[in-house]
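Add 4 to a position in the first sequence, counting from 1, and you land on the number used in the working numbering. Every residue gets a Cβ at the ideal spot worked out from N, C-alpha and C, and that includes glycine. Keep in mind it's a predicted model, so treat the numbers as computed, not measured. Please read the structure below before turning to the comments.
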Amino acid sequence: MGQQLTLDSFMVESRRKKRRTSRRTGKLKIAKKDLDLGIVEAKNTGPCYLLSVVYDGKKRKALVKLYDPQTHNIIFWHDNTGHLPYFLTDLPPDKVQEIDKIVNHPSFDHVEVVEKYDLLKDTKVHMTKIVMKEPRSVGTVREYVPKAWEAHIKYFNNYIYDMRLIPGMLYKIENGILKEVKVEIPKEIAKHVEKLFDVEDYEFKELVKEWLPLFQLPPPKLKRLALDIEVYTATRNRIPDPREAEEKIISVSLVGSDGLKRVLLLHRKDIEFGHKPLEYPENVEIEIFDSERQLIAEVFTVINSYPILLTFNGDNFDLPYLYYRAKRLGFNEKHIPIIIAEEGARLKKGIHIDLYRFFNNKAIQVYAFGGRYKEFTLDAIASALLGYSKVVIEAVASDLMLSELASYNFRDAQLTLNLTTFNDDLVMKLIILLMRISRLSMDELTRHAVSHWIKNMLYWIHRKNNYLIPLAEDIMAEKGEAVTEAVIKGKKYAGAIVVKPPAGVYFNVVVMDFASLYPSIIKKWNLSYETVNCSHSDCRSNVIPETKHWVCRRRKGITALITGLLRDFRVKIYKKAAKNKALGESERAWYDIVQQAMKVFINASYGVFGASTFPLYCPPAAESVTAIGRYAIKSTISKAQEIGLKVLYGDTDSLFLHNPPEDKIKELERWVEEELGLEIEVDKVYRYVAFSGRKKNYIGIYPDGSVDVKGLVGKKRNTPEFVKKAFYSVLEALGKVKSHEEFEKVKNLIREIVKESYNKLRNRELTLDELAFKVFLSKNVEEYVKTVPQHVRAAKMLKEVGFDVRKGDVIMFVKVRSKYGVKPVQLAKISEIDVNKYVENIESTFEQLLDALNIEFKEIMGISKLEAFF
DNA sequence: GCGGACTGCTTACCT
DNA sequence: ACAGGTAAGCAGTCCGCG
């Protein structure tokens, strides 16, 4: 055990307990308790939340990991139903029996005939089920039959489907048997839901009953531990390779949701503890270890005492480093609680969540957090979501005094934990809900993207209904390619329509919007991979506008059903419940998370069918959605004009109307509902809108003076800070404008601001940071083979002097007067700045604004080009 | 050998 | 590894120019 030092007693050197371990031999006696993972395998339990299903290779069984909300511990349950891995083929069983490589395979168990429903053919089929003893052999044996179905599904997911398990829901073990715990739905809620849905359709009614518990069952309070490690680095800007794990682990911070706060430091003879820095963490146990081995052993003990471990980039760094470092120091495999797998670092006992991977998920970033963070560093995400961030250090972690290292390291673990605790555990609750909807275990859900979630959800439903899960090649052969042509070169089919807006200022603009247009289309038009261009000849007359596709009249499409269900749940129940003041605050907050989780699935439901990597990829289904979307907005614009409304602009699902009378709005709403079966509603009202004349480019001012900026370069991330500042001060002035006459003041302001910026530039009164272009490096530097853009040029310069630059980094560079025209800020001097380039930048940024106000540079500055100042 | 016209690549945005 | 559409800046290429 490391010595515990509280804040007020960190007289380190003198008090440090010497722990002489047998360093010479490198062997260390590990206490018996270190071997014990503390795993509980009970015959009977109370209700527990299902967190994960994995395959236990030693026992050759599925292993279910449950979370006991009473003890906050993990409970293991091994399958005892005799479930085995398998796949399907259309080869008759006697033919399979003739294939020696299959029947003589050591893992072969037996074959049997099963009946399935083939949605592509809309008919029952008989398939041969080839059952194996061990999951990995499925990958081998599937090659011995001409055609294999359901052979690429991971065993643990197959297990979840076959047992109809729903991760995140309650189960209990009764006499050794895993049983679902029924969720009691209060009568008034059940009635309320039934009334709001008002369904006559039996299938839909049953679905509502089935899905309701997933949204009503309260989430568990999950006990968890955040971990962050610091490793010695000899050279600056080099990230140590975890597979080598050559350098010492010098500090490990552990922060628990139960209040645990520990920093385990490694004593190094040349590094002092030093003075307590400003950011020194209070109430933290600081322990100093002489032996790195003992430090790691202690970390492992703590990891095993928590059901859930949180890291930030632990899949690729912290956990592999701990693992390989432990091995290097002579740990026996069985004393290491970590498993290094292909898809990430897992724990033998609990669940490891790598928050870097979770927040990197585009659906999470965009739909769950509204794009509030734009970079995927702990610093950026914490700043955006928590409002505070990392401890600023002047040197490399290795060079810090121990007290500073502790502060720095502790903060990272604390931020990691707090990313899951803010807003009353929002992230953990969201994860649980997404698990329930997708039917994915916690470790899979947090590591995969939304297409994986949707795939898994649909596979689960296929299996439940005994539908054959189709092969991508069969969908393709049956349904074919897209028939429309995209506007953008290289895209597969046509997308949405954007109406070109007139340049200028328009007062009193009402924006109308189709309520979740694409999901509504999917529902209304019964779109799904199996219903578009179905096999029935009598459905061919049910044509999709703008295409030659048709859609099924006989059978309800599986995606239409599920997307529609989630959409209805969200719109009719949970969005309303989240705002219902009659409910308690925490209940409302939960319903808000429920509707957000649904939004993620609903919004991605169209896109996945147009993604070639999606296993149910179906271009005709995807292009049918956009085609109907184009038809809907076009016909609505026509109708609007017909009844005398002035349509200024529209993009995909929105209409900007100039001075619309209330009754005409109502009339349009009615027409859309009656003629198109869709919902259109007033989304927002602007006091005025300033269009620059470009598509996707305007400024909208609300009645209260707040401002919406869309697409203007002034708001773009890569615009230099000083230009942005100038731009935003003009926007502020625009917020105060109430009539056409008042734009005169704004013109004066623009003149002043532009002149001021110009003077600052000429006198070099700006810092390099303010002048920097910040551009995202989407690939590693070597991968830019077609062209070398400026930010890549700057990145190359950084690499040359030893910086670690890789994809995902944001490169900061300035424009200079030299051969390449750019330099990274780290290497540039203010004197070499190319002022002309910046003047051009100011000009083009303000040009969009001036276009909207219908003025020219000449008019405002008295000269045609700013450069004329020179 | 230089520069304008053009195309293609890249990023960041909008829905 | 959800989609397509738009704007902007720059890299690279082609071609004219006695």
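Nonlocal neighbours in the same chain, by C-beta distance under 6 angstroms from residue 464, ignoring five residues either side: 165, 443
Helix, strand or coil at residue 236 according to DSSP, with G and I counted as helix: coil
Using C-beta distances below 7 angstroms, list every residue in its chain close to residue 626, excluding the 5 sequence neighbours before and after it, in chain order. 497, 610, 613, 614
In three-state DSSP terms, what is residue 36? For residue 36, the predicted structure reports a pLDDT of 37, less than 50, and the residue's modelled location is therefore unreliable. A value from the coordinates is still provided. Three-state result, residue 36: helix.
Going by DSSP, what residue range makes up the alpha helix (DSSP H) through residue 478? 476 to 483
Does the stretch 416 to 424 come close enough to the stretch 517 to 528 to have 3 or more Cβ pairs within less than 8 angstroms? no
Please state whether the Cβ-Cβ distance between residue 828 and residue 653 is less than 8 angstroms. no
Within its chain, find whatever has a CB closer than 6 angstroms to the CB of residue 863; leave out the 5 residues flanking it on each side and keep chain order. none
Rounded straight-line distance, which links the Cα of residue 784 to that of residue 856: 39 angstroms
Mind checking residue 282: buried by the 16 CB within 10 Å criterion, or exposed? exposed
Put residue 763 into one of helix, strand or coil per three-state DSSP. helix
Using 8 angstroms for Cβ pairs, my map puts residue 440 next to residue 739. What's the rounded Cβ distance? Not really, about 43 angstroms apart at Cβ, beyond 8 angstroms.
May I ask which residues mark the beginning and end of the beta strand (DSSP E) holding residue 327? Careful: residue 327 lies outside any beta strand (DSSP E), inside the alpha helix (DSSP H) at 323 to 332.
Can you tell me which residues form a DSSP beta bridge with residue 52? 175
When you compare the CB positions of residue 121 and residue 336, do they come within less than 8 angstroms of one another, or not? no
Run through DSSP, which three-state label would residue 550 get? coil
Helix, strand or coil: how does DSSP classify residue 415 here? helix
So, residue 2 versus residue 575, is the Cβ gap smaller than 8 angstroms? The question about residue 2 has no answer here: the residues shown for the chain are numbered 5 through 874.
Roughly how many angstroms separate the alpha carbons of residue 125 and residue 459, rounded to a whole number? 20 angstroms
How long is the line joining the alpha carbons of residue 605 and residue 437, rounded to whole angstroms? 11 angstroms
Distance, Cα to Cα, residue 53 vs residue 229? 18 angstroms
Looking only at its own chain, which residues have a Cβ that is under 7 angstroms from the Cβ of residue 567, when we skip the five neighbours before and after it? 523, 526, 527, 606, 609
Residue from 733, 150, 484, 70 whose Cα sits closest to the Cα of residue 553: 484
Have a look at the DSSP bridge pairing and note the partners of residue 810. Bridge partners of residue 810: none, in fact.
Ranges of the beta strand (DSSP E) found wholly within the stretch 77 to 142, counting only runs of at least 3: 77 to 82, 90 to 93, 112 to 122, 127 to 136
Below 8 angstroms on the Cβ atoms is my guess for residue 226 versus residue 312; work out the distance and round it to an integer in Å. 6 angstroms
Using the Cβ count rule (16 or more neighbours within 10 Å means buried), how would you classify residue 30? For residue 30, the predicted structure reports a pLDDT of 33, less than 50, and the residue's modelled location is therefore unreliable. A value from the coordinates is still provided. The residue is exposed, with fewer than 16 neighbouring Cβ atoms inside 10 Å.
Is the beta carbon of residue 249 within less than 7 angstroms of some heavy atom of the ligand ADP? The ligand ADP is absent from the structure shown, which contains no ligands of any kind.
Please classify residue 628 as buried or exposed, where buried requires at least 16 neighbouring CB atoms within 10 angstroms. buried
If you compare alpha carbons, which of 689, 43, 123, 641 is closest to residue 671? 641
Would you kindly report the start and end of the unbroken beta strand (DSSP E) that includes residue 712? 711 to 714
Would the stretch 315 to 333 count as touching the stretch 357 to 365 if we require 3 or more Cβ pairs under 8 angstroms? yes
7 angstroms Cβ shell around residue 482 - same chain, five flanking residues per side excluded: 124
So who's on the other strand from residue 65, going by DSSP bridges? 60
Proximity below 8 angstroms, CB of residue 1 to CB of residue 815: Nothing in the structure corresponds to residue 1, since the chain is present only between 5 and 874.
Can you give me the C-alpha to C-alpha distance between residue 546 and residue 714, rounded to a whole angstrom? 39 angstroms
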